[in-house]
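Enquirer: Got a structure here, written out as structure tokens. Questions coming.
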Amino acid sequence: MNTINPTECYKQITDSPTTSHLIDVRTPGEHAQIHANNAQLFPLDKLNPEQVISTLGCADCDTIYILCHSGARAQKAQAKFQAAGHANTVVVDGGTQAWAAADLPIEKAEKQTMSLQRQVQIAAGAMITLGVVLAFSLHCSFIAISAFVGLGLMFAGLTNTCGLAIFLAKMPWNNPKGCVTNCSCPIN
Numbered sequence: 001m002n003t004i005n006p007t008e009c010y011k012q013i014t015d016s017p018t019t020s021h022l023i024d025v026r027t028p029g030e031h032a033q034i035h036a037n038n039a040q041l042f043p044l045d046k047l048n049p050e051q052v053i054s055t056l057g058c059a060d061c062d063t064i065y066i067l068c069h070s071g072a073r074a075q076k077a078q079a080k081f082q083a084a085g086h087a088n089t090v091v092v093d094g095g096t097q098a099w100a101a102a103d104l105p106i107e108k109a110e111k112q113t114m115s116l117q118r119q120v121q122i123a124a125g126a127m128i129t130l131g132v133v134l135a136f137s138l139h140c141s142f143i144a145i146s147a148f149v150g151l152g153l154m155f156a157g158l159t160n161t162c163g164l165a166i167f168l169a170k171m172p173w174n175n176p177k178g179c180v181t182n183c184s185c186p187i188n
């Protein structure tokens, strides 16, 4: 896996703007909240490497730098590009978090919304509490709700894939106005 720190990535993109491309593989809602300047959005769940390469006008020798929130989704995107035969991809270490921490140019929404991680924590906590309350007040089998959520969180920790986060990312409040989440076109 090829990686680069955000400062070096910014330098490469600035020095070679016609042969270096920066893409963001987060959700449209995350991208709308904060993203690196000139990072084009190609959500991981809809990522089609051939279409990205065509949209960006990439040559085989062009480098595609991949950003996500912290790096995990960027690694998955890099694997998709490599499987499609475009090996010249580089994951930006630390993702958008590290990019912003390095004081590199970013675009930030005026109105901030709750992060997807916080939404997952609130939803999971509410479902666990609901399961416990229903188990104590109505019937003990309602404890299965809490067990199901606990297993889901354990699965998310082991695989770095959270079904609840994927579900919440598709909710209308997590998609900016005018954004179509099933598009494969870049959204700046």
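Per UniProt numbering, numbering through the sequence shown is continuous, rising by one, with the last residue being 188.
Where a beta carbon is used, it is the ideal one built from N, C-alpha and C, also for glycine.
What you are looking at is a predicted structure, and each value in this text was computed from that prediction instead of being measured.
To which residues of the same chain is residue 102 closer than 6 Å at the C-beta, ignoring the five residues directly before and after it?
Expert: 6, 7
Enquirer: Under DSSP, the alpha helix (DSSP H) around residue 139 begins and ends at which residues?
Expert: No alpha helix (DSSP H) holds residue 139; DSSP gives it neither H nor E.
Enquirer: Check whether the Cβ atoms of residue 156 and residue 144 lie closer than 9 Å to each other.
Expert: no
Enquirer: I need the DSSP call for residue 209, collapsed to helix, strand or coil.
Expert: Given that the chain is displayed from residue 1 to residue 188, the structure contains no residue 209 and the question cannot be resolved.
Enquirer: Can you tell me which of the three DSSP states residue 19 falls into?
Expert: coil
Enquirer: Quick one: what's got a C-beta closer than 6 Å to residue 77's C-beta in the same chain, skipping five residues either side?
Expert: 25, 44, 47, 66
Enquirer: Taking the alpha-carbon of residue 70 as reference, which of 60, 96, 38 has the nearest alpha-carbon?
Expert: 96
Enquirer: Can you name the start and end residues of the alpha helix (DSSP H) that residue 52 belongs to?
Expert: According to the DSSP assignment, residue 52 belongs to the alpha helix (DSSP H) that extends over 49 to 56.
Enquirer: Can you list the alpha helix (DSSP H) stretches of 4 or more residues lying completely in the stretch 92 to 170, in chain order?
Expert: 95 to 101, 116 to 137, 143 to 159, 163 to 169
Enquirer: Where do the N-terminal and C-terminal ends of the alpha helix (DSSP H) with residue 81 fall, by residue?
Expert: 72 to 83
Enquirer: Under three-state DSSP, which class holds residue 24?
Expert: strand
Enquirer: Suppose contacts are defined by Cβ-Cβ distances below 9 Å. Is residue 90 in contact with residue 98 by that definition?
Expert: No, the Cβ-Cβ distance between residue 90 and residue 98 is not below 9 Å.
Enquirer: Please name the residue in 152, 171, 3, 168 whose C-alpha comes closest to that of residue 72.
Expert: 3
Enquirer: Would you mind reading off the limits of the beta strand (DSSP E) that contains residue 44?
Expert: Here residue 44 belongs to no beta strand (DSSP E), and DSSP marks it neither H nor E.
Enquirer: Restricting to Cα atoms, I'd like to know which of 150, 142, 171, 138 is closest to residue 131.
Expert: 142
Enquirer: Thinking C-beta only, is residue 21 closer than 9 Å to residue 56?
Expert: yes
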